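Numbering (my numbering), first residue to last: 1119 to 1340. Glycine included, each C-beta is placed from N, C-alpha and C at the ideal position. Just so it is clear, the structure is predicted and the values come from calculations on it, not from any experiment.
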Amino acid sequence: MNSLFSGGIRGLLITLLLTLPAVILCLSIHETCHGLAAYALGDRTAANQGRLTLDPMAHIDPMGFLCMLLLGFGWAKPVPVNTSNFKNRRAGMAIVAAAGPVSNFLIGFVGYLLYFFISYATASMSGVAGLFVWVIAQFFRYLATLSIGLGTFNLLPVYPLDGYRVLDAFLPFEWSMKLRQYQTYLLLAMIALMWFGGTSILIGTVDGWIWNAAYRLVSLLL
């Protein structure tokens, strides 16, 4: 979005070329990890429907993809889960729901590690080789940023996001019912949060934590 309004066509094209594959990879890994967690817990519904794959066509939701591309947070097609196949339905659903955001945070951390390593190792390069390496480093940076944005956004406790299912597993039954009753209000609150920039602040905060952790590790190693 920043590139779109900056007026630089070249910068916008470069950003799109780097962002598109990063968005596709983030969403595909997120949903695949949901399916893998369910499979590990005994539910093969996602596997039977061909959702244990990194093929983006199996996971991409057009509106969620557009939001990820322009705003840095979004969603994909939900992975089908049959909780009756879990020994503990609520705990199993919580683990499956958490698997997506956790995978995004791990990808974000690894992405920043690679960005810092490449930037440090190739700081003295110039010319075509230097430009090529810079593009690779920027891809990992975009991948990390978008992945963290996807994971953070999906942990908001609003149905049908992953955070709702994780929180629901830890609440007493009475509180769980109240959470369901107030979902409309929570959805409106989330929209207001997005409108006034609260979501961006939240994502930026989490992104800063993971950025700093990766930077400190690379500094320690180098």
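Let me check understanding here. Comparing Cα to Cα, which of the options lies closest to residue i?
| i | options | result |
| --- | --- | --- |
| residue 1286 | 1214, 1240 and 1331 | 1214 |
| residue 1216 | 1165, 1145, 1269 and 1183 | 1269 |
| residue 1348 | 1165, 1228 and 1289 | Here the chain covers residues 1119 to 1340 and nothing more, so residue 1348 does not appear. |
| residue 1206 | 1156, 1165 and 1132 | 1156 |
| residue 1182 | 1195, 1323 and 1322 | 1195 |
| residue 1221 | 1316, 1320 and 1145 | 1145 |
Given residue i, which residues of its chain have a CB within under 6 Å of its CB, disregarding the five upstream and five downstream residues?
| i | result |
| --- | --- |
| residue 1200 | 1161 and 1163 |
| residue 1301 | 1277 |
| residue 1208 | 1287 |
Counting only the same chain and skipping the five closest in sequence on each side, list residues whose C-beta sits under 8 Å from that of residue i.
| i | result |
| --- | --- |
| residue 1137 | 1187, 1260 and 1264 |
| residue 1212 | 1283, 1284, 1286, 1287 and 1288 |
Closer than 7 Å by C-beta to residue i: which residues in its own chain qualify, once you throw out the five before and the five after it? Chain order, please.
| i | result |
| --- | --- |
| residue 1282 | 1275 and 1276 |
| residue 1143 | 1261 |
| residue 1329 | 1230 |
| residue 1256 | 1136 |
Determine the burial state of residue i: buried for a count of at least 16 other Cβ atoms within 10 Å of its Cβ, exposed for fewer.
| i | result |
| --- | --- |
| residue 1258 | buried |
| residue 1313 | exposed |
| residue 1239 | exposed |
| residue 1299 | exposed |
| residue 1317 | buried |
| residue 1158 | exposed |
| residue 1140 | buried |
Inter-stretch contact at 8 Å, needing at least 3 Cβ pairs: the segment 1170 to 1180 / the segment 1232 to 1245: no
Cβ contact (3+ pairs, closer than 8 Å) linking the segment 1273 to 1281 and the segment 1292 to 1311: yes
Cβ contact (3+ pairs, closer than 8 Å) linking the segment 1291 to 1306 and the segment 1218 to 1227: no
Contiguous alpha helix (DSSP H) assignments of at least 4 residues, all confined to the segment 1222 to 1286: 1245 to 1272
Contiguous alpha helix (DSSP H) assignments of at least 4 residues, all confined to the segment 1153 to 1199: 1163 to 1166 and 1180 to 1189
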